[in-house]
């Protein structure tokens with residue numbers, strides 16, 4: 008967190024610039040940057056010392072712009088800014104409008120925020136020894152989304168590293184047609200002490216919490232989604248690094264994978280265990296960090312021509328043991344699929360997952376009740392998984408079958424390398440016209456302890472009560488090695504504190520498998 012700075016006048020070189028440039032160490036100066044609408048953004052400029060390698064014949068260095076993350080300010084990247092300047096970059100970090108001492112109101116990567124990116128670049132080219140042919144961006148969270156939006160709207164940007172950013176803001180807030188309430192609440196809580204909501208953003212946030220006018224919410228989010236403008240990024244040829252976490256409870260990994268697959272230029276995708284921005288945290292302290300190291304390598308390659316690594320690759324850290332895999336594309340991550348049929352529940356309420364499961368059955372749960380299976384707590388659960396290898400857990404035998412339907416496989420004799428997004432297909436019959444199903448996939452040991460592998464919500468509306476309809480749930484992408492001797496379990500219920508579900512309390516929701524339309528879980532495997 009930052010506070011007030013003494014600032015150089017807008018449009019002027021940082022104070023004491025000449026003395027700092029000959030001191031043998033990078034210079035650091037706070038400045039005010041005036042945007043086109045007159046709003047002043049607080050920023051810090053880090054400049055290499057004279058003689059630092061990497062300058063062009065005119066003495067100009069590659070420039071890296073770093074927008075601060077949600078609720079943070081320009082001092083967030085001080086450690087990284089100093090590292091960049093020492094390595095031969097001009098680094099400009101700034102507080103996004105609407106936060107802390109920057110003027111204006113929160114725009115959430117809307118048109119005004121995007122215009123600010125270009126204005127910050129303009130300032131750097133005019134007032135720092137910055138090379139107009141070597142411009143890059145790195146950002147975390149909101150800053151990550153802004154790097155991608157900048158790549159779409161400013162062709163001068165040659166390389167970006169989006170860390171825990173988003174590709175599709177609509178999918179992040181409303182995947183499976185279901186409101187991600189804990190994520191929205193977390194963003195609202197972080198914003199409250201230091202941010203100033205615009206009337207538009209205040210209305211959007213209120214609509215999300217009230218489940219009101221969601222088509223307008225999604226329209227607003229789509230205009231702030233890099234995926235909407237991916238053709239522009241591709242046309243510019245911007246080199247894009249996307250880094251995120253398997254358990255990101257704000258910007259789910261599946262929407263990041265989707266954006267990666269749409270990019271046609273130089274690109275790299277990195278996914279590791281963790282939650283929103285937890286993988287990158289130690290880099291903000293100036294400590295060694297794998298994600299930041301990859302971002303630096305990416306900038307070196309595309310702004311300096313010195314970095315290593317493959318141009319197009321997917322680098323995954325596999326849960327729970329933490330092994331690493333590299334693949335030439337996302338399509339190469341999984342090489343086969345296993346179709347696991349869902350069987351009729353036995354007298355104890357557990358159906359078979361896989362094997363010679365029959366059809367023509369139906370099992371019911373009481374709608375709107377929590378079975379005890381859930382996606383965890385936003386920001387905390389994924390972070391705990393990263394630090395301890397312990398994701399949200401349940402005891403499968405103790406889950407009430409009145410609230411959740413359960414299917415379980417036999418123990419696997421060999422490890423099962425799950426890679427990608429599992430997909431559930433079933434038939435639903437409900438007593439109400441709308442509702443939500445939450446699907447959870449667990450790794451279950453011999454004692455019945457289930458560790459969450461992945462999950463996802465899926466809502467429906469305007470269905471005729473009592474009439475069966477097909478339902479598909481695509482779980483969030485993951486990379487997980489199920490140990491030999493363990494079982495897979497699938498749990499379906501209709502309430503999860505992480506989300507805003509639609510299933511009325513006390514209604515009936517039935518899952519079934521017809522002979523012509525069998526229920527199954529499609530499992531992607533390496």
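In our numbering, the protein residues as written are 8 to 533.
Cβ coordinates follow ideal geometry from the N, Cα and C atoms, glycine included.
Source: prediction; values computed, not measured.
Chain-order list of residues whose beta-carbon lies under 6 Å from that of residue i (same chain, five-residue window excluded)
i           : result
residue 336 : none
residue 3   : Only positions 8 to 533 of the chain appear in the structure, and residue 3 is not among them; the question remains open.
residue 529 : 344, 346, 430
residue 139 : 132
residue 356 : 408
residue 401 : 379, 380, 457
residue 461 : 448, 482, 483, 485
residue 93  : 33
residue 160 : 121
Sequence-distant residues of its chain with Cβ nearer than 8 Å to residue i (five each side left out)
i           : result
residue 341 : 426, 427, 531, 532, 533
residue 474 : 436
residue 189 : 256, 384, 385, 504, 505, 506
Whole-number beta carbon distance between residue j and residue i, since they are thought to touch under 8 Å
i           : j           : result
residue 100 : residue 84  : 4 Å
residue 112 : residue 231 : Contact doesn't hold; Cβ gap of about 15 Å is too wide.
residue 121 : residue 157 : 7 Å
residue 514 : residue 439 : 4 Å
residue 284 : residue 147 : 6 Å
residue 380 : residue 498 : 4 Å
residue 292 : residue 86  : 6 Å
residue 451 : residue 410 : About 18 Å separates the two Cβ atoms, so there is no contact after all.
residue 258 : residue 179 : 5 Å
residue 492 : residue 418 : 5 Å
residue 75  : residue 150 : 6 Å
residue 360 : residue 416 : 4 Å
residue 300 : residue 168 : Wrong, their Cβ atoms sit about 11 Å apart, outside the cutoff.
residue 240 : residue 270 : 7 Å
Spatial distance of residue i from residue j (CA atoms)
i           : j           : result
residue 171 : residue 50  : 22 Å
residue 1   : residue 142 : Past the edges of the chain, shown from 8 to 533, lies residue 1, and the structure says nothing about it.
residue 72  : residue 98  : 6 Å
residue 362 : residue 242 : 48 Å
residue 377 : residue 408 : 11 Å
residue 221 : residue 215 : 7 Å
residue 68  : residue 323 : 32 Å
residue 276 : residue 286 : 14 Å
residue 333 : residue 468 : 41 Å
residue 307 : residue 119 : 29 Å
residue 29  : residue 339 : Low local confidence applies: a pLDDT of 41 at residue 29 is under 50, so the model's placement there is unreliable, with the coordinate-based value given in what follows. If you take the alpha carbons of residue 29 and residue 339, they lie about 51 Å apart.
residue 488 : residue 395 : 16 Å
residue 19  : residue 91  : Legend: pLDDT at residue 19 = 39, less than 50; position of this residue unreliable, no value from coordinates given.
residue 297 : residue 305 : 12 Å
residue 268 : residue 486 : 17 Å
residue 213 : residue 392 : 31 Å
residue 448 : residue 510 : 21 Å
residue 248 : residue 272 : 11 Å
residue 368 : residue 477 : 14 Å
residue 354 : residue 229 : 47 Å
residue 483 : residue 104 : 32 Å
residue 5   : residue 520 : Any question about residue 5 goes unanswered here, given that the chain covers just 8 to 533.
residue 387 : residue 62  : 43 Å
residue 47  : residue 41  : 4 Å
residue 261 : residue 480 : 13 Å
residue 500 : residue 96  : 52 Å
residue 446 : residue 135 : 52 Å
residue 290 : residue 441 : 45 Å
Nonlocal neighbours in the same chain, by C-beta distance under 7 Å from residue i, ignoring five residues either side
i           : result
residue 165 : 141, 142, 143, 245, 246, 309, 310
residue 525 : 348, 366
residue 225 : 177, 181
residue 218 : 186, 507
residue 313 : 307
residue 208 : 113, 115
residue 390 : 281, 282, 285
residue 421 : 491
Of the listed residues the options, nearest to residue i (C-alpha basis)
i           : options            : result
residue 343 : 132, 377, 271, 423 : 423
residue 39  : 399, 110, 237, 394 : 110
residue 44  : 35, 270, 126       : 126
residue 32  : 46, 42, 58, 47     : 58
residue 35  : 81, 75, 66         : 81
residue 320 : 250, 358, 364, 303 : 250
residue 399 : 527, 382, 406, 413 : 382
residue 518 : 412, 512, 466      : 412
residue 527 : 433, 223, 358, 195 : 433
Heavy atom of the ligand MG within 7 Å of residue i beta-carbon
i           : result
residue 457 : Annotation note on the ligand MG: not contained in the displayed structure, which lists no ligands.
CB contact check: residue i to chain B, cutoff 8 Å
i           : result
residue 401 : This model lacks chain B altogether; it includes just one protein chain.
TODO: Mind listing, in chain order, the continuous beta strand (DSSP E) runs of no fewer than 3 residues lying wholly within the segment 423-501?
DONE: Listed in chain order, the complete beta strand (DSSP E) runs (minimum 3 residues) inside the segment 423-501 are 423-427, 430-437, 442-451, 456-467, 476-481, 485-489, 494-500.
TODO: List in chain order: all unbroken beta strand (DSSP E) runs of 3+ residues lying wholly within the segment 257-316.
DONE: Counting only runs of 3 or more, we get 274-279.
Task: Unbroken stretches of the beta strand (DSSP E), 3 residues or longer, contained in the segment 368-397 - done: The segment 368-397 contains these whole beta strand (DSSP E) runs: 368-373.
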